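In what follows, a single structure is set out as structure tokens and then discussed.
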Amino acid sequence: MNSDDPIVAVRCDGFAMGLLGPLAGRLTELTGKPSIAYQVADGLSRASCRSNESLDLHRALSNHADKFERFGGHARAAGFSINMELMSSLLDDIRKSTALSALNAPMMPALCADAEIKLEDLTVSTWNFISSMEPFGEGNRQPLLVTYGAVPLDVRTVGAGGKHLKISFESNGQRIDSIGFGLGDHPLGTGLLDIAFQLRSEIWQGKTRHQLGLIDIRPSE
Numbered sequence: 007m008n009s010d011d012p013i014v015a016v017r018c019d020g021f022a023m024g025l026l027g028p029l030a031g032r033l034t035e036l037t038g039k040p041s042i043a044y045q046v047a048d049g050l051s052r053a054s055c056r057s058n059e060s061l062d063l064h065r066a067l068s069n070h071a072d073k074f075e076r077f078g079g080h081a082r083a084a085g086f087s088i089n090m091e092l093m094s095s096l097l098d099d100i101r102k103s104t105a106l107s108a109l110n111a112p113m114m115p116a117l118c119a120d121a122e123i124k125l126e127d128l129t130v131s132t133w134n135f136i137s138s139m140e141p142f143g144e145g146n147r148q149p150l151l152v153t154y155g156a157v158p159l160d161v162r163t164v165g166a167g168g169k170h171l172k173i174s175f176e177s178n179g180q181r182i183d184s185i186g187f188g189l190g191d192h193p194l195g196t197g198l199l200d201i202a203f204q205l206r207s208e209i210w211q212g213k214t215r216h217q218l219g220l221i222d223i224r225p226s227e
């Protein structure tokens, strides 16, 4: 791996396929660069990719869609499988095109979630488990979770100038409240939402109230 490469690509044979995404995310978090973690088996290279704010990785890979056995994803995360004999040339092409399109562009750290979770799987036990990890701080970062396709029930902005965002989500017929500080100007569309969040708890009128602390949000693709 060359430190001057605009993209980090690491072969990870022996790892479970489900770990490739977190591995790529961690590489991007550490280097600030788009990352590809892949393994080779049965004649195919299977890869999971994560990007930063400077590169639409899905678009970059789409230019080679005719080479893939499988391909999908979005701007910040993608996956593909390709004939192992084509993998090296694919990586070379992506490195060259990325170097040209992102020449001297600042590399911003990606927002990398620790786990994907469905809202219906959030229980009091989940909050208690996260709370057991406290205190959070340097060296003990609070877990960042992500949910794709969350169903918003009520959306409104609060605070001076509508700077903050409050959303209630539907989960198994129940409402889950959330607050996103500084997210009031995010475009949300009219459909489902992808959300990155941390679990928050507060005491209100003598009762513990759980809610989601939104870190980032976007319309589902």
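Following the working numbering, the numbering of the sequence shown begins with 7 at its first residue and continues without gaps.
Think of the CB as a built atom: it goes at the ideal place given N, C-alpha and C, for glycine as much as any other residue.
Bear in mind that the values here come from a model prediction, so they are computed numbers and not experimental data.
Nonlocal neighbours in the same chain, by C-beta distance under 8 Å from residue i, ignoring five residues either side
i      : result
Thr34  : Val14, Pro40, Ser41, Arg56, Ser57, Asn58, Pro115, Ala116, Cys118
Ala108 : Reliability fails at Ala108, whose pLDDT of 48 lies under 50, so the model's placement of it is uncertain and no value is given.
Given residue i as reference, the closest of the options once Cα atoms are compared
i      : options                        : result
Lys124 : Ile136, Glu140, Ile201         : Ile201
Leu220 : Glu227, Asp191, Ile185, Lys213 : Ile185
Arg206 : Pro193, Leu128, Gly167         : Leu128
Ala22  : His70, Val46, Ser95            : Val46
Ala81  : Leu97, Ser87, Leu159, His64    : His64
Ala189 : Ile182, Gly179, Ala166, Ile209 : Reading off the sequence, residue 189 comes out as Leu, not Ala. It is Ala166.
Length of the line joining the Cα atoms of residue i and residue j
i      : j      : result
Arg147 : Glu140 : 9 Å
Gly85  : Gln211 : 47 Å
Gly143 : Pro149 : 11 Å
Thr153 : Glu122 : 6 Å
Ser177 : Leu92  : 44 Å
Ser51  : Ala66  : 18 Å
Lys102 : Leu25  : 27 Å
Leu29  : Asp183 : 31 Å
Burial state of residue i, where buried means 16 or more other Cβ atoms lie within 10 Å
i      : result
Gly27  : buried
Ser54  : buried
Pro112 : Its pLDDT being 45, under 50, Pro112 is placed unreliably by the model, and the measurement read from it follows with that caveat. Label assigned to Pro112: exposed.
Pro193 : exposed
Pro12  : buried
Thr214 : exposed
Gly168 : exposed
The ligand NAP heavy atom lying under 7 Å from the CB of residue i
i     : result
Leu63 : Of ligands this structure carries none, so the ligand NAP is not represented either.
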